[in-house]
DNA sequence: TTTGTGATGTTATCTCATAACACTCCGCCT
DNA sequence: AGGCGGAGTGTTATGAGATAACATCACAAA
């Protein structure tokens, strides 16, 4: 997925220290909420954070074991479901991939700008309160969750190639 | 998918005559554009129109043959890809289903209000030009296509149950 | 009529995701 | 300490969604 194209990109994955910090923060918050940051959950979140871009579930499964041993699918899917429920990760439906939440946030609506060239994404605050919310109001719908994903080219990929 | 709940809903599927008319219009337009409305494409579009709500690909596959014989998956997936490319159908990524376009439109961006109770959807004009477009502009992204799906409850389902 | 392009038929396989059930861990109550 | 209960995990198997690859066919343009 990443680096399908050859040119250079900014915004590489965070270093180990940053991952560690985000992981700690997540663990602290979960504990405060009475949830448990178990080994599987922590590992999956660490993989997502380290990747810094959307990752396929089966890539997480393959990378799960520190020793190279893959996980069983339910292990990872359960962790993903939990992380998503807690707002620590998001599923990108249009590409069936998962990404760590970058907006610090609890369970919140998110929107994504996805570069089809280099595979990176940018999470932006969801416009649920905006156009879509107005359309829903007009139609009498009560919105509970949204999937908002825009595909295109990031600034770097617009220039290059 | 439909009628998971028991109460009554408005907006049932269109009658055979309406399907026929929409099918004719699509065929005419495609011919004018130099495209071919083949049997498989026509059949898949007819199924989508008759359903009037999102349909899973494998349901289309199962219903494909008039005699009850299922189609082979590629037959239906190819037709869906074509119809989507021509703006006659849309994929709803968040539920992996397909729906006939109800905005008369060529290839256009669409947004959907999806009722998780009764399974119906409502296509609304895409707010690409709105919040999301502004977010993309601000971030320097060039958007090529969007996936905008809001889940919740339709007016009928908000009242009932 | 030839020829090339787009569409279809067919087989096989790949990817994505979850059902079901046994078992374990851990906090809590007594 | 003992034992209950709920959340989490391990494991097997399977269901659901989608596509690769290649042979064949239909059709309009040359």
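Residue numbers (my numbering), protein chains in the order written: chain A, 1 to 161; chain B, 1001 to 1161. Glycine is no exception: its CB is placed at the ideal position from the N, C-alpha and C atoms. Note that the structure is a prediction, hence the values are computed from the model and not measured.
Around residue 56 of chain A, the same chain offers 97 as residues with beta carbons nearer than 6 Å, after the five sequence neighbours per side are excluded.
Across the structure, residue 1085 of chain B and residue 24 of chain A are spaced so that their CA atoms are roughly 45 Å apart.
For residue 1140 of chain B, the chain A residues whose Cβ falls inside 8 Å of its Cβ are 154, 155, 158, in order along the chain.
The beta carbon of residue 68 of chain A lies closer than 8 Å to none in the same chain, with the five residues before and after it left out. The way I'd put it, the segment 1040-1047 of chain B does touch the segment 1058-1077 of chain B; three or more beta-carbon pairs between them come closer than 8 Å. Contact between residue 62 of chain A and residue 1135 of chain B does not hold, since the beta-carbon distance rounds to 33 Å and is not under 8 Å.
Under the Cβ criterion of 9 Å, residue 1102 of chain B is not counted among the residues facing chain A.
Residue 149 of chain A has its alpha-carbon roughly 7 Å from the corresponding atom of residue 114 of chain A. Residue environment: residue 1159 of chain B is assigned as exposed (fewer than 16 neighbouring CB atoms within 10 Å of its CB, all protein chains considered).
The shortest CA-to-CA distance from residue 1141 of chain B to any of A/36, A/91, A/118 is the one to A/118. Under the Cβ distance rule, residue 1016 of chain B does not count among the residues neighbouring chain A, no pair being separated by less than 9 Å. Using a CB distance cut-off of 9 Å, residue 1148 of chain B counts as an interface residue toward chain A.
Taking C-alpha positions only, residue 1065 of chain B is separated from residue 1072 of chain B by approximately 10 Å.
Of all alpha-carbon atoms in A/102, A/70, A/58, A/108, the one lying nearest the alpha-carbon of residue 13 of chain A is that of A/102. Separation of residue 1036 of chain B and residue 30 of chain A (C-alpha to C-alpha, rounded to the nearest whole angstrom) is 56 Å.
Assignment of beta-bridge partners to residue 123 of chain A by DSSP yields A/112. By the Cβ neighbour-count rule, residue 22 of chain A is buried, with 16 or more other Cβ atoms within 10 Å of its own. Within its own chain, the residues whose Cβ lies closer than 6 Å to the Cβ of residue 100 of chain A, once the five positions on either side in sequence are excluded, are 48, 49, 89, listed in chain order. Secondary structure at residue 1050 of chain B: helix, using DSSP grouped into helix, strand and coil.
Chain A has a Cβ within less than 9 Å of the Cβ of residue 1132 of chain B. As DSSP reads the structure, residue 1098 of chain B sits in a beta bridge with B/1055, B/1091. At a cut-off of 9 Å between C-beta atoms, residue 151 of chain A counts as an interface residue with respect to chain B.
According to DSSP, residue 144 of chain A shares a beta bridge with no other residue. Residue 1143 of chain B belongs to the set of residues whose beta carbon lies under 9 Å from a beta carbon in chain A. Residue environment analysis places residue 137 of chain A among the exposed positions, since fewer than 16 neighbouring C-beta atoms fall within 10 angstroms of its C-beta.
Boundaries of the alpha helix (DSSP H) around residue 1024 of chain B: 1016-1032. Residue 1151 of chain B counts as buried, since at least 16 other C-beta atoms from the protein chains shown sit within 10 angstroms of its C-beta. Less than 9 Å divides the Cβ of residue 154 of chain A from the Cβ of residue 1139 of chain B.
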